[in-house]
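Numbering (the working numbering), first residue to last: 1 to 371.
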Ligand code: IPM
Ligand code: MG
């Protein structure tokens, strides 16, 4: 356990740096107390990088990301850059990372901590015990399909085009991730698309079915249209286990799922590449699902738990440190059970804490678990 593990920290914009500070404290703790040493490096991206270097993902940072075992990503974007042309938007930094590291599999767990069942906008009994994972395809679909752009027509009116496009290998590999995951869970996959109106939806349904029949007949597969899936997520979310879906529907459904857990501030994610057959390694990026929240940035009130839970996913998926991941997740659950809450989750009978105080509390939880 003494070999160092390289971790690139990209805090980004808005609340990204504040929440990432708490992750660095947690990583340091594991280095000190558990001899799990991380080689931490950092870099700029998003709006910060646009300001400093004129690009949301400088080549040097991209090279560091390719060379590291895992990337911890905060959040990007803010009003300062909202009016920028498309290629100069902070989000392009994240999209370049996803594309060039080929991070096609985005795992977004929505797990309702018992102490937060009351904080959900749904009735507590609907979300209590909720544990679902959205498997979102992340490097294809309308996010990257060509042609795309805005053009001015002869009559002076304008036309905007985006292209939704999927190929069988793209669908097969994300389907396999979902089926493999389901086998370790409750063995149920819902595949979500709009096969009633979209050709890519028809292809998605047929190809997921083909992979299922050929390789995963032991897993239960159900198809669900994405609009219905959104509705069912807020009606009866516990009917789901794993939901596999495309890039755009996954973006939306994962925001819906996030809110079931009480706060966007609670939802971590992992974006994984394909395993290199020679080394067994895969590129990976871990990020909270929440955005840069410019309205509360710099105030020290942001919830660091989604970012800390993303680090727990890094421990589990990139560093094979399942015990440490369990420990960290238990520390987070413990802090919530004690009634400590950042502003996004504050309710009557809870104690409001700052970002750093939440970090302190998680570290205390780890100390206690370590004895
Ligand atoms: C997400 C975000 C991103 C996306 C943005 C920041 C590009 O909403 O990760 O869910 O749309 O994928
Ligand atoms: Mg999103």
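Note that the Cβ used here is the ideal one computed from N, Cα and C, for glycine as well.
key: Backbone secondary structure at residue 159 - three-state DSSP   = Of the three classes helix, strand and coil, the one that applies to residue 159 here is strand, per DSSP.
request  = Compute the Euclidean distance between the alpha carbons of residue 110 and residue 354, then round it to the nearest angstrom.
outcome  = Residue 110 and residue 354: Cα-Cα distance of roughly 23 Å.
ask   = Can the beta-carbon of residue 142 be found closer than 8 Å to that of residue 167?
value = Not a contact, by the Cβ cut-off of 8 Å.
Segments of 3+ residues assigned as beta strand (DSSP E) that fall wholly inside the segment 267-305 = Counting whole runs of 3 or more residues, the segment 267-305 contains the beta strand (DSSP E) stretches 270-272 and 284-286.
inquiry  = Counting C-beta neighbours from all protein chains within 10 Å, is the total for residue 89 16 or more, i.e. buried, or is it exposed?
reply    = It is buried - the Cβ of residue 89 has at least 16 other Cβ atoms within 10 Å.
task = Please confirm if the segment 240-257 is in contact with the segment 183-196, defined as three or more CB-CB distances below 8 Å between the two stretches.
result = Flag = yes, the segment 240-257 and the segment 183-196 touch.
query = Helix or strand or just coil, what does DSSP make of residue 1?
reply = Low confidence applies to residue 1: its pLDDT is 44, below 50, so where it sits in the model is not reliable, and the reading given next is rough at best. Per DSSP, reduced to three states, the secondary structure at residue 1 is coil, with no helix or strand assignment.
task = Tell me whether residue 23 sits in a helix, a strand or coil according to DSSP, three-state version.
result = When DSSP states are grouped into helix, strand and coil, residue 23 belongs to the helix group.
ask   = Does any CB atom of chain B fall closer than 8 Å to the CB of residue 173?
value = In the displayed structure, chain B is absent; only one protein chain is listed.
DSSP bridge partner residues for residue 111 (one or two, in chain order) = DSSP lists 131 as partners of residue 111.
ask   = Can you find a heavy atom of ligand 1 that lies under 7 Å from the Cβ of residue 267?
value = Within 7 Å of the C-beta of residue 267 there is not a single heavy atom belonging to ligand 1.
ask   = Under 8 Å, do residue 19 and residue 302 count as touching if we go by C-beta distance?
value = Going by C-beta atoms, residue 19 is nearer than 8 Å to residue 302.
query = From residue 298 to residue 304, what does the alpha carbon distance come to, in whole angstroms?
reply = Rounded to whole angstroms, residue 298 and residue 304 show a C-alpha spacing of 13 Å.
request  = Name all residues in chain order for which at least one heavy atom of ligand 2 lies closer than 7 Å to the residue's CB.
outcome  = Near ligand 2, meaning a beta-carbon closer than 7 Å to one of its heavy atoms, we find 251, 254, 255 and 289.
query = Roughly how many whole angstroms lie between the Cα atoms of residue 209 and residue 134?
reply = In a straight line, the C-alpha of residue 209 is about 18 Å away from that of residue 134.
request  = Report buried or exposed for residue 121, applying the criterion of at least 16 other Cβ atoms within 10 angstroms of its Cβ.
outcome  = Per the 10 Å Cβ criterion, exposed.
ask   = Is residue 264 near ligand 1, going by C-beta to nearest heavy atom under 7 Å?
value = Every heavy atom of ligand 1 is 7 Å or more from the Cβ of residue 264, so no.
inquiry  = DSSP three-state label for residue 153, please.
reply    = The answer is coil: DSSP assigns residue 153 none of H, G, I, E or B.
ask   = residue 75 by DSSP, collapsed to three states: which one?
value = Strand.
key: Buried versus exposed call for residue 98 [16 or more other C-beta atoms within 10 Å across all chains shown]   = Around the CB of residue 98, 16 or more other CB atoms lie within 10 Å, so the residue is classed as buried.
ask   = Is residue 137 near ligand 1, in the sense that its beta carbon is under 7 Å from a heavy atom of that ligand?
value = Not so, every heavy atom of ligand 1 lies at least 7 Å from the Cβ.
key: residue 311 versus residue 205 - alpha carbon distance   = Their backbone Cα atoms lie some 33 Å apart in a straight line.
task = Classify residue 433 as helix, strand or coil using the three-state DSSP reduction.
result = Because the chain spans 1 through 371 in this model, residue 433 falls outside it and cannot be assessed.
ask   = By Cβ distance, which residues of its chain are closer than 8 Å to residue 149, with the 5 residues on each side in sequence left out?
value = When the five nearest sequence neighbours on each side are left out, the beta carbons in the same chain lying within less than 8 Å of the beta carbon of residue 149 are those of 160 and 161, in order along the chain.
ask   = residue 34 by DSSP, collapsed to three states: which one?
value = In the structure shown, residue 34 adopts helical secondary structure according to DSSP, grouped into three states.
key: Cα-Cα separation between residue 106 and residue 251, rounded to whole angstroms   = Their Cα atoms are separated by approximately 10 Å.
key: Minimum C-alpha distance to residue 189 - residue among 217, 113 and 42   = For the residues 217, 113 and 42, the minimum Cα distance to residue 189 belongs to 217.
task = Look at residue 344 and residue 254 and say whether their C-beta atoms are less than 8 Å apart.
result = Not closer than 8 Å, so no.
request  = With DSSP as the reference, please indicate the residues paired to residue 188 in a beta bridge.
outcome  = Paired residue(s): 220.
message = I believe residue 267 touches residue 103 by the beta-carbon criterion, under 8 Å. Please report the beta-carbon distance rounded to the nearest angstrom.
response = At roughly 17 Å, the Cβ-Cβ gap does not stay under 8 Å, so residue 267 and residue 103 are not in contact.
request  = Less than 8 Å between the CB atoms is what I'm expecting for residue 342 and residue 327, so what's the real figure, rounded?
outcome  = About 21 Å; that fails the 8 Å criterion.
ask   = Going by the CB atoms, is the gap between residue 76 and residue 292 shorter than 8 Å?
value = Contact annotation: residue 292 and residue 76 have beta-carbon atoms nearer than 8 Å.
Sequence-distant residues of its chain with Cβ nearer than 8 Å to residue 347 (five each side left out) = Shown here for residue 347: same chain residues with a beta carbon closer than 8 Å to its own, the five before and five after excluded, namely 118, 119 and 341 in chain order.
ask   = Do residue 72 and residue 10 come within 8 Å of each other at the CB atom, strictly closer than that value?
value = Going by C-beta atoms, residue 10 is nearer than 8 Å to residue 72.
request  = Tell me whether residue 120 sits in a helix, a strand or coil according to DSSP, three-state version.
outcome  = In the structure shown, residue 120 adopts coil according to DSSP, grouped into three states.
Residues bridged to residue 6 [DSSP beta-bridge criterion] = Answer is 39.
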